[in-house]
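J.:
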Amino acid sequence: MRVLFVSKPVVPPWNDGSKNLVRDLAMNLSRATPTIMVSPGSTPLGGRVHEEPVYGERGSFAPTLTANARVLARLMLGDPMDAWHFVFAPNRASSSAAWLAKSSRRRRGWRGQVVQTIASVPRSFRGVNSLLFGDVVVAQSEHTRARLLGAGVAAAHLRVILPCASAPKACEQIEIDAVKEALSVPKNSPIVLYPGDAEIGTGARTVAEAAAGVLAEIPEATVVLACRMKTERAAGAMQALKHLVRDLGDRVRFVGDVPNMHALLCASSVIAMPADDLYGKVDVPLVVIEALALGKPLVLARNGPLESVQTARFVDPGDSTELAHEVVRALAASAAVKSEVEAGVRLYEERFSPAVAARAYDDLYDPG
0 MRVLFVSKPV
10 VPPWNDGSKN
20 LVRDLAMNLS
30 RATPTIMVSP
40 GSTPLGGRVH
50 EEPVYGERGS
60 FAPTLTANAR
70 VLARLMLGDP
80 MDAWHFVFAP
90 NRASSSAAWL
100 AKSSRRRRGW
110 RGQVVQTIAS
120 VPRSFRGVNS
130 LLFGDVVVAQ
140 SEHTRARLLG
150 AGVAAAHLRV
160 ILPCASAPKA
170 CEQIEIDAVK
180 EALSVPKNSP
190 IVLYPGDAEI
200 GTGARTVAEA
210 AAGVLAEIPE
220 ATVVLACRMK
230 TERAAGAMQA
240 LKHLVRDLGD
250 RVRFVGDVPN
260 MHALLCASSV
270 IAMPADDLYG
280 KVDVPLVVIE
290 ALALGKPLVL
300 ARNGPLESVQ
310 TARFVDPGDS
320 TELAHEVVRA
330 LAASAAVKSE
340 VEAGVRLYEE
350 RFSPAVAARA
360 YDDLYDPG
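Number 115 in numbering that gives the first Met the number 0 belongs to position 116 of the sequence shown; there are no gaps in the numbering.
In structure tokens, the structure reads:
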């Protein structure tokens, strides 16, 4: 079974949940033979993974029209293989192109299976059926599956396979010290990390509003908001957050693109991600899965896809008081917290590891 992955270019930097998902699946499939789309000159992943230089550039969070045209040409004219696996956020342009390519190939006799993984949910589920073209549509959480069903998508076409990420290695103390030094954080200061968007949803604001309560109980702590500047609104949102915590001084730090998120995760004592809007992200963001694998306490938003991380502690979106309470509890490192962390590592191995996800997709490509 030869499977062609259709996605953004699967090349560094590895800071995008959807292309990381393709990389990790491709490298862990045991029955299907994967082909991924890359840019010229990219370093091969090795193993059983085949690469095609479909893209002319490394790409960005949003591929250009030229890049999309190259992908469409590949689908229409290249080797169709046995199955196509699309991994991207449903949108009108890409879904229309996929429908066109699929219909054209079907008219020419191709009967391969088309799998569509919803890499991140659309802004609205209204009319979502028109964006779904896969013979099988994969939601990355039960929460997203429920929303699709509520929007009228037929249950027979839906599957749930949780996202995955490779487990990062534990850091050496020298790496942890270096990242704290770079942030001007004292070596003995526990870090409370928010690794999310500033301008989307209420997650960043909730963390900023909770900071005073956390620091009142744990004055030696440092709250770090690591927010990439992904949209035009990010800078303004960041300024508003800085104004909100202006009285807390340097005990609250703001950083944009993090050169070594792995080391920052290792250096952090608690990951606070009360995100009520994961637009543009996989249902369980890469950084949350990596933190789970590293054995970090997690405080997440309830009533959303993050509830897939069953071992985390959950707070209502926007409830900064509850968030502060849960963060302080996690920083206490009690026996109960240690037990939750150990359960989280087991949950990663059982449900979020690439090997587990790849087995599920192998079965999906070839049920026999």
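Don't be surprised by glycine CBs; every beta carbon is placed ideally from N, CA and C.
Going residue by residue through the stretch 79 to 112, where are the continuous alpha helix (DSSP H) segments of at least 4 residues, counting only ones entirely within it?
T.: Correct list: 91 to 106.
J.: Check the DSSP bridge columns for residue 262 and list the partner residues they point to.
T.: Answer is none; residue 262 lacks a bridge partner.
J.: Under the rule that 16 or more other beta-carbon atoms within 10 Å means buried, what is residue 119, buried or exposed?
T.: Under this definition residue 119 is a buried residue.
J.: Which complete beta strand (DSSP E) runs does the stretch 202 to 246 hold, if anything under 3 residues is left out?
T.: Fully enclosed beta strand (DSSP E) runs of 3 or longer: 221 to 225.
J.: Return the first residue and the last residue of the alpha helix (DSSP H) that residue 353 is part of.
T.: That run of the alpha helix (DSSP H) goes 353 to 364.
J.: Is the distance from the Cβ of residue 191 to the Cβ of residue 292 below 8 angstroms?
T.: In this structure, residue 292 does not lie closer than 8 angstroms to residue 191 by Cβ.
J.: Using a Cβ-Cβ cutoff of less than 8 angstroms, which residues in the same chain neighbour residue 298 once the five nearest sequence positions on both sides are dropped?
T.: The residues are 269, 270, 271, 272, 273, 311, 312, 313, 314, 322, 325, 326, 329.
J.: Restricting to Cα atoms, I'd like to know which of 346, 360, 280, 318 is closest to residue 88.
T.: The residue with the shortest Cα to Cα distance from residue 88 is 280.
J.: Under 8 angstroms: do the stretch 142 to 156 and the stretch 122 to 131 share three or more Cβ pairs, one atom per stretch?
T.: Yes, they touch.
J.: Are residue 114 and residue 137 touching if we call contact CB-CB under 8 angstroms?
T.: Yes, the Cβ-Cβ distance between residue 114 and residue 137 is below 8 angstroms.
J.: Out of 233, 212, 13, state which residue places its alpha-carbon closest to the alpha-carbon of residue 42.
T.: Taking only the C-alpha atoms, the option nearest residue 42 is 13.
J.: Could you name the residues of the same chain whose beta carbon sits closer than 7 angstroms to that of residue 21, not counting the 5 residues immediately before and after it, in chain order?
T.: Cβ within range, chain order: 4, 6, 9, 35, 86.
J.: Report the residue from 241, 226, 277 whose alpha carbon sits nearest the alpha carbon of residue 260.
T.: When only C-alpha atoms are compared, the closest one is 226.
J.: Measure the beta-carbon distance from residue 283 to residue 308 and round it to whole angstroms, keeping in mind my assumption that it falls under 8 angstroms.
T.: That belief holds up - the Cβ atoms of residue 283 and residue 308 are roughly 6 angstroms apart, short of 8 angstroms.
J.: Given a cut-off of 8 angstroms on the beta-carbon distance, is the pair residue 31 and residue 67 in contact?
T.: No. Outside cutoff.
J.: Report the partner residues of residue 114 according to the DSSP bridge assignment.
T.: DSSP, once it has assigned bridges, lists 84, 135 as partnering residue 114.
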